[in-house]
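Enquirer: According to my numbering, the stretch in the sequence shown is residues 6 to 58, in order. All residues carry an ideal CB built from backbone N, CA and C; glycine is no exception.
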Amino acid sequence: LKQPKSEKKEYDEDDLAKLQKKKDEEKALKELRAKASQKGSFGGAGLKKSGKK
């Protein structure tokens with residue numbers, strides 16, 4: 006049987022470091038997405054398929 010997830014609140018230093026790193030990476034990704042959306046689409050041509058063979 007599974008234990009409730011709220012029970013595990015004891016983190017060691019490694020876990021805290023990983024959580025902090027993950028938060029930082031997510032924040033950086035959000036900032037990059039915001040910048041990209043302001044400039045418009047980029048690299049869109051790479052997604053298009055040509056009708057020629």
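(1) Can you grab the Cα-Cα spacing for the pair K35 / Y16, in whole Å?
(2) Starting from the C-beta of A39, find all residues in its chain whose C-beta is less than 8 Å away, skip the five residues before and the five after it, and write them out in chain order.
(3) According to DSSP, is E15 part of a helix, a strand, or is it coil?
Expert: Result, derived from the coordinates:
(1) Position 30 of the sequence shown, counting from 1, holds the residue named residue 35. Position 11 of the sequence shown, counting from 1, holds the residue named residue 16. About 26 Å.
(2) As a first step, residue 39 must be located in the sequence shown, where it is residue number 34. Nothing meets the Cβ criterion.
(3) Numbered from 1 along the sequence shown, position 10 holds the residue referred to as residue 15. In this structure, E15 counts as coil in the three-state DSSP scheme.
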